[in-house]
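Each residue of the sequence shown is one higher than the one before, counting from 109 in this note's numbering. For glycine and all other residues, C-beta sits at the position ideal for the given N, C-alpha and C.
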Amino acid sequence: MEEKRSNFTGKIGFVLAAAGSAVGLGNLWRFPYLAAQHGGGIFLLVYLILSVTFGFSLMVAEIAIGRKTGLSAIGAFNKLNKKCSFIGYIAAIIPALILPYYSVIGGWVTKYLSVFISGNAKTAATDGYFEGFIGNTAQSLFFFALFIAATAIIVLLGVEKGVEKVSKIMMPILVILSIGIAAFVCISNGVQGKWEGLIYYLKPDFSHFSIMTVVSAMGQLFYSMSLAMGIMITYGSYMKKDVSLESSAHQIEFFDMGVAFLAGLIIVPSVVSYSGIEGLNKGPGLMFVTLPKVFNDMGSIAGNVIGAVFFILVLFAALTSSISLMETVVSIIQDKFHIGRKITCLIVLGGAFLLGVPSALGFGIWSGFAPLGMDILSFFDFITNSVLMPIVAILTCLVICYVIRPKDIIDEVNVSGRFKLAKLFKGMIYVAPALLLVILIFAIFEAFGITFGGLLKF
Ligand code: PHE
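And the structure:
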């Protein structure tokens, strides 16, 4: 692997590749439903604050560790200190657990793309359509298999670069189209005098705050920015020394936040306008239940065309992320066991498919099986985002504070220009472990049904 390590050409190359990994279903599917569930405007505010302080600091730290060592997670932690390589291993498990259920959602996107291409916006907008689809064993398995197979074929053929090139064109179009759809939603809500949803999403209301707002915003931050799972370390290992690390981190953060904000602006107010405030608690299905209604309201031709274009763009965003997940798992296994790339891809495909089946069936025939009271997909999502990622993040910060020194990271950033927010970085790296530990404990208690919601409500 190491011999082949090439550099990204310039800053734009790095930012776009990292943004390709970061921007995906996390922004379009996950962010809106969490924002809806955990307080709207207050969630947005908490997310924003965490993102520019902690998210930024961890992003800088990971990229710098990668660039400093020139290695991906396992090797990088090992190089910092032999005793730390176990952190790389925990980090490596996370993408392997995310890939399967990520592909289940990718399958939902593929299904909706097919629905809009065949001109069925109206059917997709009917109540219960989504539930019928995810509850159907054959359909949910088929679309899940299609998405994960597409990911594997791209990784197997080594054409990721091609896909990334296409997505560099698709991503800006996705942003522009999302602005258009968000404008449509805001205007049509405004015309009908339905301001409730917009206000809920945009105005921080402390009465909606609970500890789960912080817990879920923090988990979302890791997920959305591809942090605390070694991925940004790998990207950093490819980064040239003369590319500004600090401004790259700002740009990835800005892009990631922007897409999530827009997705929320489309989905959250629409939910309130179609199904009232009670609709906000729909969970993982929110995007798929709501968007068809929005598109259907655009009229039958426009709705189908815009819906199809939108879902193609979402599919590309999802694919660039799933490719980066699968790549990571494949290269870890390859490095460790020294087996061929093709075989490794097939092993990962098989393993991820098997692991994804329960998540795909958890809304249908296996819905009776509900670990910790969650559907199976949400359970995997919980384990990775709310448990493993905070653990990796805590350990990463501790390594920076006590094994190496924050100064080592700051020096690495300084190589490519003065680190303007060095003080913020240093403060965050010291404060974060305690904060994260509290969040981790709350998340686990909450999952076992011990709620502190009342305790921390304003
Ligand atoms: N950040 C991606 C998203 O928002 C998901 C992802 C996580 C991709 C980890 C790669 C690695 O969809």
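Asked, Found
"Of the residues I552, D405, G214 and L136, the one placed nearest L433, counting alpha carbons only", "G214"
"Environment of the ligand PHE in chain order, Cβ to heavy atom below 5 Å", "S129, A130, G132, L133, G134, S332, S334, I339, S429, S432 and L433"
"Nearest-angstrom Cα separation, counted from G448 out to H146", "45 Å"
"CB-CB length for M326 against E554, believed under 8 Å", "That belief does not hold up - the Cβ atoms of M326 and E554 are roughly 13 Å apart, past 8 Å."
"CB contact flag (A233, P392, <8 Å)", "no"
"H146 CB to nearest heavy atom of the ligand FMN below 7 Å", "You won't find the ligand FMN in this model; what it holds is the ligand PHE."
"Segments assigned alpha helix (DSSP H), at least 4 residues, entirely inside the region 489-513", "497-506"
"Straight-line Cα distance separating G481 from I242", "18 Å"
"I517 beta carbon less than 8 Å from that of A291", "no"
"CB contact flag (I431, V217, <8 Å)", "no"
"Residue interval of the alpha helix (DSSP H) (run including K444)", "S408 to F445"
"Collapsed DSSP secondary structure at M109 in the structure displayed", "For M109, the predicted model reports a pLDDT of 40, less than 50, meaning its position is unreliable and no value from the coordinates is stated."
"F255 classed as buried or exposed, judged by whether at least 16 other C-beta atoms fall within 10 angstroms", "buried"
"Local Cβ density within 10 Å of G344, reported as buried at 16 or more and exposed below that", "buried"
"Residue burial classification, P280 (beta-carbon count within 10 angstroms, cutoff 16)", "exposed"
"Where L462 falls, given that 16 or more other Cβ within 10 Å makes a residue buried", "exposed"
"Reference E354; option with closest CA among L306, Y155, C505 and K528", "K528"
"Residue environment, T123, which counts as buried when at least 16 other CB atoms sit within 10 Å", "Residue identity check: residue 123 is Val in the sequence provided, not Thr. Result: buried."
"Span separating the alpha-carbon of I440 from that of F533", "29 Å"
"Rounded separation between V323 and T161 - CA only", "16 Å"
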